[in-house]
Amino acid sequence: TISNQKDYLSTLHNDLKVIEPKTQSEEDEPSKVELKELPPHLEYAFLGNNGEWTVIIAKDLSSNEKTDLINVLKTRKKAIAWKLTDIKGIDPEFWSHKILLEEEHSPKV
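Spelled out as structure tokens, the structure:
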């Protein structure tokens with residue numbers, strides 16, 4: 079059984095892919111987003127210049143709360159800038175939601 083485990087591990091090791099980390103310039107590039115109309119209780123805020131690094135925050139925050147929140151988000155920008163598509167090895171079929179659009183389909187469980 080130990081030899082089977084060694085064979086399995088060596089096979090598994092050969093199947094693993096080496097993924098190069100993103101370069102600094104790739105991480106610093108803001109993603110392009112289309113700004114859409116938000117519900118009345120939300121608003122856009124920007125962590126960069128010229129409308130870059132878009133985030134959505136609560137509209138009812140005070141001016142000081144908005145400033146504090148944006149400052150914290152700016153300092154943690156690299157940690158929150160990931161998208162599901164950035165995570166290698168996760169099949170989009172796993173995290174994408176599809177709606178069945180047949181005439182007689184009912185969305186009930």
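Residue 79 is where the sequence shown starts when you use this note's numbering, and the numbers rise one by one after that.
C-beta: ideal position from N, C-alpha, C; glycine also.
{"Query": "Option nearest S141 by Cα separation, candidates W131, A157 and A123", "Result": "A123"}
{"Query": "Reduced DSSP category for E115 - H, G, I as helix; E, B as strand; rest coil", "Result": "coil"}
{"Query": "Sequence-distant residues of the same chain with beta carbon closer than 8 Å to K155, five excluded per side", "Result": "L125 and W131"}
{"Query": "D169 to A136 span [Cα, whole Å]", "Result": "32 Å"}
{"Query": "Through-space distance from G167 to L116, alpha-carbon basis", "Result": "32 Å"}
{"Query": "Span separating the alpha-carbon of V150 from that of K144", "Result": "10 Å"}
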